[in-house]
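A short write-up of the structure that comes next.
In the numbering used here, the protein residues as written are 10 to 164.
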């Protein structure tokens, strides 16, 4: 079956009836009508209130819960802070208080933040090691080859 073809009609009453409504673009609706009715759920005038309620529920379900502007910033300074945030986020997704999309975005941003922090820590460690090596090299220059303090060429 190609993407444009409709599935076979359901075996409700054995007919191949279609909704009698005409869409905005002038083409006929190709949906199956409600049993013993002329129109499908989307075009039946008597289903208008049910249809609107379903659209409202769908809209609310797709809306991502937002954090208010006055919410305090999170301190995500160490592994314990990150663990607490992730645990809270997991529980909020499970309870339906946070969308999976929002949680995925937060997890991605946490990962990016952690990579930046790891890079910064590596750079600090490397700078400290380089400074230690330079200090050691300067100390080695003060001594001549036999390990005695350099006497400036005297004696």
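Backbone N, C-alpha and C fix where the C-beta goes; we use that ideal spot for every residue, glycine too.
Small disclaimer: the values here were computed from a predicted structure and weren't measured.
Of the listed residues 53, 45 and 63, nearest to residue 32 (C-alpha basis): The shortest C-alpha to C-alpha distance from residue 32 to any of 53, 45 and 63 is the one to 53.
Spatial distance of residue 47 from residue 104 (CA atoms): 41 Å
8 Å Cβ shell around residue 99 - same chain, five flanking residues per side excluded: Excluding positions up to five away in sequence, the list reads 112.
Nearest-angstrom Cα separation, counted from residue 141 out to residue 90: 32 Å
Residue 90, enclosing alpha helix (DSSP H) - first and last residue: 88-103
DSSP three-state assignment for residue 37, whether helix, strand or coil: strand
Residues bridged to residue 125 [DSSP beta-bridge criterion]: Partner(s): none; residue 125 has no beta bridge.
Buried versus exposed, by CB contacts within 10 Å (16 or more), residue 138: exposed
Under 7 Å between C-beta atoms of residue 26 and residue 42: yes
Touching by the beta-carbon criterion (3+ pairs, under 8 Å), the segment 78-87 and the segment 58-68: Contact between the segment 78-87 and the segment 58-68 is not established, with fewer than three Cβ pairs separated by less than 8 Å.
Residue 58 to residue 49 span [Cα, whole Å]: 14 Å
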